[in-house]
Amino acid sequence: MARGQYLVQLAGCTDCHTPGHLFGKPDMARFLGGSDVGFEMPGLGIFVGPNLTPDNGTGLGSWTSDEIVTAIQTGVRPDGRILAPIMPWRAYAGLTKSDAAVIVEYLRSLPPVTNKVPGPLGLDEKATVFRMKILPPDRAGPHN
């Protein structure tokens, strides 16, 4: 369990999946329960870090261990949807089987948090959360 907790912290999962974290005040009562900030990506939409707790309705509770590992290491959800590019699954693709397993074990040990995050939101959908906008460089700017 300690190794799983260590790897989750080291991988930065808390940054994008704990409410308040991106505001500098993580809500530890909802640890890894889904973000309250979305990432707006040009041409793709807005993505909010989902709930990683074992809540059956709004988190990973209904996912199998293999499905969680697949999402972490390949960026593919059980429904076949590809995770947002902001999810650094490529960095986690090389995890050993034992490291991936202890991450899943740790996530399953967390208290379930009921928190359905919005999204993903398409290009024409209105944002319902704060968002960080990822912008390409300004080609007309003075610093290019």
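Heads up, the sequence shown is in the working numbering, so the first residue is 4 and it goes up one at a time.
All C-beta atoms in this analysis are idealised placements derived from N, C-alpha and C, irrespective of residue type, glycine included.
(message) Please state the DSSP three-state secondary structure of glutamate 163.
(response) Not covered by the structure: residue 163. The range shown for the chain is 4 to 147.
(message) Taking the beta strand (DSSP E) that arginine 134 belongs to, which residues open and close that run?
(response) 133-136
(request) Label leucine 124 either buried or exposed according to how many other C-beta atoms from any shown protein chain fall within 10 Å of its C-beta, with 16 as the threshold for buried. (result) buried
(request) Determine the burial state of threonine 56: buried for a count of at least 16 other Cβ atoms within 10 Å of its Cβ, exposed for fewer. (result) buried
(message) Give me, in chain order, the residues of the same chain whose beta-carbon lies closer than 6 Å to that of aspartate 30; leave out the 5 immediate sequence neighbours on both sides.
(response) Pro22, Gly23
(message) Extract the residue ranges of the beta strand (DSSP E) inside the stretch 7-49, only unbroken runs of 3 or more that lie entirely within it.
(response) 40-44
(request) May I have a chain-ordered list of the beta strand (DSSP E) segments no shorter than 3 residues that lie completely inside the stretch 85-110? (result) none
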